[in-house]
Structure formats: structure tokens, C-alpha cells
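J.:
Number of protein chains: 2
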Amino acid sequence: MATRLAHLKAAHYFVVASETLSYTAAANKLSVSQAAVSQQIRLLEEYLGVSLFYRAGRKMLLTSQGKTLAEHLSVGFEKIEYGLNSVKLEPLAGNLTVYGLQSITSLWLMPKLWRFSDMHSDINVRLFSAEELPDLQSGDIDVSIYNVPILREDTENKILLTSPIVPICSRELFQRIGFNSIEDFLCCWLIQTNIPEYSWSQWGKEYGLTLAGKERLWAEVSSWYMGISAVKAGHGIFLCPEFMVQEELERGELVKPFDLPLSEPLSFYLAHSKQSPRLERINAFVKWIKQESEENIVTPYSPTKILSGSDPSQ
Amino acid sequence: MATRLAHLKAAHYFVVASETLSYTAAANKLSVSQAAVSQQIRLLEEYLGVSLFYRAGRKMLLTSQGKTLAEHLSVGFEKIEYGLNSVKLEPLAGNLTVYGLQSITSLWLMPKLWRFSDMHSDINVRLFSAEELPDLQSGDIDVSIYNVPILREDTENKILLTSPIVPICSRELFQRIGFNSIEDFLCCWLIQTNIPEYSWSQWGKEYGLTLAGKERLWAEVSSWYMGISAVKAGHGIFLCPEFMVQEELERGELVKPFDLPLSEPLSFYLAHSKQSPRLERINAFVKWIKQESEENIVTPYSPTKILSGSDPSQ
DNA sequence: ACTTATTCATTAGATAATCTTATGGCTACA
DNA sequence: TGTAGCCATAAGATTATCTAATGAATAAGT
């Protein structure tokens with residue numbers, strides 16, 4: 001590293017002035033007097049032995065050397081600013097960016113979020129939904145909810161919730177087909193995600209249903225969310241984490257034809273950087289969300305109730 | 001740009017300390033007292049609300065946050081240093097990097113260079129030879145000598161020298177073949193660069209020599225320098241800028257079988273950035289080299305003299 | 001042409017940041 | 001157990017930097 005880096009403050013003032021092309025405006029931005037800016041820039045010019053600004057009437061313009069310098073310095077100071085911001089401790093109040101799969105954010109988190117905002121009106125939660133592995137080190141994401149833990153030295157992971165995966169269909173489909181036995185599944189579209197552990201072939205293996213026939217009706221969706229949307233539209237039976245459709249099950253909009261979950265449940269993991277400058281905010285959020293998930297571990301409705309309710313003759 | 005960039009000096013000290021992992025060593029590098037470093041880093045830690053170093057016995061180690069910060073800051077300060085250096089005026093004394101094609105540096109410039117060092121013992125000339133277009137803005141090259149001008153707003157170009165291009169061969173080849181007429185060329189290897197203007201076919205066109213026959217012996221070299229090397233080894237006749245082999249012609253090592261130059265001479269251009277911080281040095285060099293080239297514009301030996309002088313019996 | 005407002009330059013004095021010196025505590029090592 | 005090496009801290013000295021006031025130059029409005 002450079003051991004002789006003189007006049008850093010002057011360089012900073014210069015960069016601000018190079019953006020505004022006005023000492024007065026720069027001085028305002030920097031909350032100092034115009035004279036301070038003028039002096040610092042003069043100092044820098046003397047140090048470099050080169051003039052950086054020249055007057056064009058009432059305006060100040062950069063000399064060609066000034067332009068060169070400003071380009072280099074501005075990227076330097078940006079990096080420095082970014083570095084400082086990425087470790088500078090922030091107070092409790094402020095923004096908090098939560099990342100999650102579409103399914104869990106829209107189906108589980110969003111409906112609960114108002115309660116958090118209620119408790120912490122000074123924390124502004126911003127949701128960010130996508131399907132790829134989150135980067136918790138970049139500073140763009142504070143907390144993530146993902147279906148695998150984010151394994152890194154500096155990342156803290158907690159299991160947020162664990163949910164069985166069961167076949168789900170719409171009430172209409174359920175009433176139309178009847179579903180006296182699991183073989184009745186074979187005359188419906190079988191919807192699944194692209195995760196092999198949670199596929200119909202796995203389910204078939206566990207419950208002795210042969211799905212090999214090529215006359216099967218398959219559909220593969222790229223996210224839980226899309227599968228649930230399909231099921232709601234009555235398009236088939238979906239192997240779905242139960243908690244995601246808890247409300248719909250309660251309302252009877254969606255139905256579990258049989259309460260036959262996959263042996264492997266699905267877990268979601270809460271993760272955040274251990275050294276985030278927003279740890280205080282993060283901890284408040286994590287504490288709250290853990291409570292929320294614990295209050296909802298038990299599925300309040302037995303799906304067979306709906307089943308028998310809608311078909312008492314069985 | 002960031003308008004609130006506090007404690008830049010502290011950040012700088014921190015980066016130096018993060019490299020040495022010692023406040024004392026950092027203080028020495030920075031030419032300040034150890035206490036100054038200690039205080040600045042403490043200040044920075046307080047500002048960030050985060051500890052950056054921790055003591056491990058007698059050593060200081062970076063905390064994980066310290067590491068993060070140091071990584072970002074060091075690249076930032078490097079950019080700043082680079083920027084400042086690229087405009088900071090330098091005194092006459094110091095390094096000067098001269099770029100040129102292999103041929104011109106080794107055959108023309110290098111042999112003269114001792115005279116410059118003699119005049120300017122405080123300017124240390126470093127030669128850099130390659131074949132591609134030089135970048136005079138990067139700061140790595142101060143002056144270039146190239147066969148086309150470097151056309152840029154901020155670049156100054158001067159013609160350094162203009163030289164005829166003539167057929168050249170070794171004395172041995174000359175004596176062996178005799179060369180009574182230009183048709184005798186046809187029984188030798190014809191060596192040329194890959195520049196069409198300076199090719200044998202161009203020469204043949206100008207002097208009415210038909211070179212179409214497929215029994216021709218051709219060799220194409222990628223630089224003047226390589227062609228001259230080939231000729232010196234007696235491998236054929238080369239279309240060569242005369243000034244490059246002036247000494248060899250004088251000594252009789254190489255010979256011009258006929259003084260029949262191409263109509264288009266070859267020019268070399270001296271170029272440098274108008275806003276280099278090393279302009280003083282550059283000007284000294286340019287002034288000298290222009291003088292050198294003007295003193296040598298005329299070829300002192302008529303090649304036909306060597307021709308007749310070296311082989312009186314023929 | 002004459003104000004007037006705006007902008008940067010310059011100065012002197014005030015203020016704040018930063019440095020040094022001196023000292024003390026801790027650790028590693030002989 | 002002493003000693004040397006390293007960092008922390010405090011007080012006072014020294015610089016660096018700021019502000020306020022003023023001047024000079026320009027552009028725009030009257």
C-alpha cells in the first residue's frame with residue numbers, strides 16, 4: 001500500500017467538486033464553507049504541480065488532467081465508501097432486506113409481515129423473492145429463507161420450519177374424482193417440482209403406487225409457487241409442503257385427498273451473516289419470525305375431516 | 001459520490017496497519033509516531049462501532065470485520081494512489097520508459113543511447129520493445145517510436161526519421177552471386193515483412209521484375225529485426241529500411257546490391273502524451289533524439305562503392 | 001451602462017484534528 | 001524474574017482545516 005498518501009481530504013473535496021463543477025455546490029454537499037473547498041483544491045493543485053480546474057466565465061471546468069484525476073479518484077472513493085458502509089454498525093431503525101423463494105415469501109411470510117411492522121415500526125422490511133442461492137455477504141440481503149442451509153464460516157443458520165409434503169388438489173377436482181384409493185391419482189395430472197426427493201416417483205415408491213406407465217399425465221414446475229398456482233386452478237395433484245397451503249386447506253379451497261406425506265419432510269432455513277452491520281435489526285427479525293413459525297407448527301385442520309366432510313359415504 | 005466520508009486519514013493508517021499487522025511498523029512506514037496510529041485506529045473503530053484489531057499476545061490480528069474492511073479499503077486507496085501518481089508532476093530526474101519496435105530500438109536507438117545517458121545522468125532510460133501499438137495513456141510508456149502516428153487528441157506526434165527501403169544482402173551472398181542485373185535476385189531467397197507496401201511484389205512492379213513464377217523462394221518475417229537477422233546469416237535478400245543497417249553497410253558486413261529503393265519510404269514517428277507528468281523528462285529525450293536523427297539523415301556510404309570496392313577482381 | 005446576484009480567490013483569525021512525548025500495562029522469552 | 005517489544009492512554013504542542021469577511025470577475029436583468 002501507498003505509504004505516502006497526502007491530502008486525502010483535498011482529494012475528496014476535489015472529487016465532489018468535479019461532479020458538481022461548482023465549488024459552492026460542493027461546499028454545500030460537504031457541509032463546509034466555499035472557502036474550505038477552494039483552499040483544499042488549491043492545496044491539491046499545488047501538491048500535484050498541475051492545475052485541475054479552470055474558469056470559464058462564471059463556471060469551473062476540469063482541465064484534461066483534472067478529468068483524468070477525477071475518474072481515478074472517484075472509483076477509489078467509491079470503494080472506500082462501500083468498505084466503510086459494509087462494516088459500519090447501523091442502528092436498530094432502518095431498512096432490512098429479506099430474501100426468500102417466491103413460495104415462502106408470498107405464501108407464508110408476507111401474510112404475517114404486518115405483525116412485525118406493527119411491533120417494529122422503525123424497521124422497514126423489504127422483500128426480495130427469487131429462486132437462486134442468496135449471497136449474504138454482498139450486503140444486499142440481510143436475512144434469507146432458503147431450503148438448504150447457507151454453509152459458510154461467517155453465516156448463521158437456523159431451521160425455521162419443517163413441513164410434511166403431501167398430495168394436494170383443488171376442492172373441485174377432489175369432488176369430481178372422488179378419490180377412493182390412491183390409484184385414482186392415476187387419472188389426474190401429477191404435478192411436481194424438479195427436486196427428485198419430492199417427486200411423484202418417490203411418493204409412488206413409498207406408498208406402492210406404480211407410475212411407470214407412459215400414459216401418465218405429468219407436469220413439472222420450477223417452483224413450489226407455480227405448482228400451487230396450478231393446483232388452485234384445478235390442474236391436478238401437487239406434492240406440496242403443507243404449511244404453504246395451510247390457509248387454503250383451512251378454508252377448504254384446497255384439499256388433501258389422503259394424508260400420506262413423503263417420508264422426507266421439507267425444511268426451510270433462516271440464514272444471515274454473523275458480521276452484518278445490521279445485526280440488531282436482523283436479530284429483531286429473526287426472533288420474531290422464529291416465534292411465528294413455532295406458533296404454527298401444528299396443522300390445525302385434519303385434512304381427512306375435509307375429505308370425509310365432503311364425502312361422508314366413505 | 002459519497003459526501004460523508006469521515007476519517008479518511010484513519011482509514012489510510014488502518015490499511016497500512018492491516019498489512020503489517022503491527023502498529024509500530026505501520027507508524028514507521030507512515031513516518032509518524034506509534035501513538036498516532038493507535039489513536040487513529042481507535043478513532044476509526046469508534047466511528048464504525050466495530051473493533052477492527054484484537055490482541056493475540058503481543059501481536060495484533062484483524063477481526064473478521066477488520067479483514068472485510070481492509071480488503072475494500074486497500075483497493076480504494078490503490079486507485080487513489082494510482083490516480084494521484086498519474087497526474088502528479090514529476091521532476092526532471094527519474095525513470096523514462098521508451099517504447100519501440102524491436103528493430104528500431106535495438107538497431108538504431110540502443111547504440112546511440114549512451115550519449116543521452118551521458119548528457120542526462122539523472123534520467124534513467126528504460127527500453128521496452130514489442131510490435132503492437134503502444135498505449136501512451138496508461139502511464140507505462142512515456143515515449144514511443146512507431147511506424148504510424150498515434151492519433152489521439154492528447155498525443156503529440158513528430159516524424160523522427162524517414163528512410164528509403166532498399167534490397168540488402170550479406171557480403172558473402174553478394175560475392176557468391178555477383179548480381180550483374182536485378183534478374184539475379186530471382187535465384188535468391190526473397191525476404192520481406194508482412195507489410196504489402198514494402199513487399200517484393202511492390203518492388204518488382206516498380207522496377208519491372210516479374211516475380212510471379214512459382215519457383216520463387218520466398219520468406220516472410222514478422223518484423224524488420226527478424227529480416228535483418230536472416231540477411232546477416234546470409235539467407236537471402238531483404239527489403240529493409242536503410243537506416244537500420246547503416247553501420248553494417250559502412251562496415252561492409254551487409255551490401256546493397258543495387259541502390260534501388262522503393263518509391264514509398266518508411267517513416268518512424270515519435271509520440272508521447274501531452275499531459276504526462278513526466279513531460280520535462282520526455283522533452284529532454286525528444287529534443288535529444290530529434291538531433292540524433294537529423295545528424296544521420298544522409299547515408300554516408302554509397303553502396304555501390306562497397307560493391308566495387310569489395311570485389312575488384314569480379 | 002449600471003445594477004445586482006453569483007461565483008471563486010484570498011486573507012486572518014478561530015477551531016478542530018492530529019501529532020509527539022511520556023508513561024504504563026501486558027506478553028513473550030531468556 | 002527480569003527485560004525487551006508492543007500497544008494504550010493522556011496532556012500538551014503543533015498543524016491542518018475551517019469560517020467569516022472581503023475582493024474580483026462575470027453574467028444577467030433593467
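So the sequence lines, in the order shown, correspond to chains A and B. Each residue of the first sequence is one higher than the last, beginning at 1 in full-length UniProt numbering. Each residue of the second sequence is one higher than the last, beginning at 1 in full-length UniProt numbering. Every residue, glycine too, gets a C-beta built ideally from N, C-alpha and C.
(1) Specify the secondary structure class of E19(B) as computed by DSSP and reduced to three states.
(2) Counting C-beta neighbours from all protein chains within 10 Å, is the total for G76(A) 16 or more, i.e. buried, or is it exposed?
(3) Only counting the same chain, and skipping five residues up and downstream in sequence, which positions put a Cβ closer than 8 Å to that of A10(B)?
(4) What distance in whole Å lies between the Cβ atoms of A219(B) and I191(B), which are believed to be in contact at a cut-off of 8 Å?
(5) Quick check on T193(B): buried or exposed, where buried means 16 or more other Cβ atoms within 10 Å of its Cβ?
(6) From the DSSP output, in three-state form, read off L5(B) for me.
(7) How should P91(A) be labelled, buried or exposed, when 16 other C-beta atoms within 10 angstroms of its C-beta is the threshold for buried?
(8) List the residues of chain B that V37(A) touches, going by C-beta distances under 7 Å, in chain order.
(9) Determine which residues of the UniProt domain "HTH lysR-type" (8 to 63) of chain B have a Cβ less than 7 Å from any Cβ of chain A, and write them out in chain order.
(10) Kindly indicate if chain B contains any beta-carbon less than 8 Å away from that of H72(A).
(11) Roughly how many angstroms separate the alpha carbons of S106(B) and V32(A), rounded to a whole number?
(12) Would you call S263(A) buried or exposed, if buried means 16 or more other Cβ atoms sit within 10 Å of its Cβ?
(13) Do you know whose CA, among N85(A), T63(A), I104(A) and A6(A), lies nearest Y146(A)'s CA?
(14) Any Cβ of chain A within less than 8 Å of the Cβ of S138(B)?
(15) Between the stretch 272 to 288 of chain A and chain B, which residues of the former have CB atoms less than 9 Å from a CB of the latter, in chain order?
(16) Could you give the C-beta distance for Y13(A) and V50(A), rounded to a whole number, given that I count them as a contact under 8 Å?
(17) Report buried or exposed for D140(A), applying the criterion of at least 16 other Cβ atoms within 10 angstroms of its Cβ.
(18) Report the rounded CA-to-CA distance for G178(B) versus K287(B), giving the unit in angstroms.
(19) By Cβ distance, which residues of its chain are closer than 7 Å to V15(B), with the 5 residues on each side in sequence left out?
(20) Where does Y13(B) fall in DSSP's three states?
(21) Please state whether DSSP places S276(A) in a helix, a strand or coil.
(22) Identify, in the order they occur along the chain, each residue of the same chain with its Cβ nearer than 8 Å to the Cβ of P196(A), setting aside the five sequence neighbours on each side.
(23) Scan the stretch 81 to 96 of chain B for residues whose Cβ lies nearer than 8 Å to a Cβ of chain A and list them as they occur along the chain.
(24) Taking S170(A) as the reference, give the member of E250(A), P111(A) and P134(A) with the closest Cα.
(25) On the criterion of 16 or more Cβ atoms from any shown chain inside 10 Å, does R4(B) qualify as buried, or is it exposed?
(26) State the start and end residues of the unbroken beta strand (DSSP E) segment that holds L113(B).
(27) Could you compute how far the alpha carbon of R115(A) sits from the alpha carbon of A26(A)?
(28) So does the stretch 265 to 282 of chain A actually touch the stretch 152 to 164 of chain A, counting three or more Cβ pairs closer than 8 Å?
(29) So which residues on chain A does F77(B) lean against when the C-beta distance must stay under 8 Å?
(30) Go ahead and label Y198(A) buried or exposed: buried means 16 or more other beta carbons lie within 10 angstroms of its beta carbon, across all protein chains shown.
(31) If we define contact as Cβ-Cβ less than 8 Å, is T193(B) a contact residue for chain A?
(32) Would you mind giving the Cβ-Cβ distance between I123(B) and V245(B), rounded to the nearest angstrom? I have them listed as a contact below 8 Å.
(33) How would you list, in chain order, the residues of chain A whose beta-carbon sits under 8 Å from the beta-carbon of L69(B)?
(34) CA-CA distance, S222(B) and S117(B)?
(35) So T162(A) and P257(A) are in contact, right, with Cβ under 8 Å, and what is the actual spacing, rounded?
(36) Give, in chain order, every residue of the stretch 139 to 161 of chain B whose Cβ lies closer than 7 Å to some Cβ of chain A.
T.: On the basis of the supplied data:
(1) helix
(2) buried
(3) Q40, I41, L43, L44 and Y47
(4) 5 Å
(5) buried
(6) coil
(7) exposed
(8) Near V37(A) there are no residues of chain B at all, since even the closest Cβ is about 12 Å away, more than 7 Å.
(9) L8, K9, A11, H12, V15, V16, E19, K29, L30, L48, G49 and V50
(10) yes
(11) 57 Å
(12) exposed
(13) I104(A)
(14) no
(15) K274, Q275 and P277
(16) Going by Cβ atoms, the distance from Y13(A) to V50(A) rounds to 16 Å, so no, they are not a contact pair.
(17) exposed
(18) 44 Å
(19) A70, L73, S74 and F77
(20) helix
(21) coil
(22) Q202
(23) E81, Y82, G83, L84, S86, V87, K88 and L89
(24) E250(A)
(25) exposed
(26) Not the beta strand (DSSP E): L113(B) falls in the alpha helix (DSSP H), residues M110 to M119.
(27) 43 Å
(28) yes
(29) M1, A2, L5, G76 and I80
(30) buried
(31) no
(32) At roughly 29 Å, the Cβ-Cβ gap does not stay under 8 Å, so I123(B) and V245(B) are not in contact.
(33) G83, L84, S86 and V87
(34) 31 Å
(35) At roughly 22 Å, the Cβ-Cβ gap does not stay under 8 Å, so T162(A) and P257(A) are not in contact.
(36) D154
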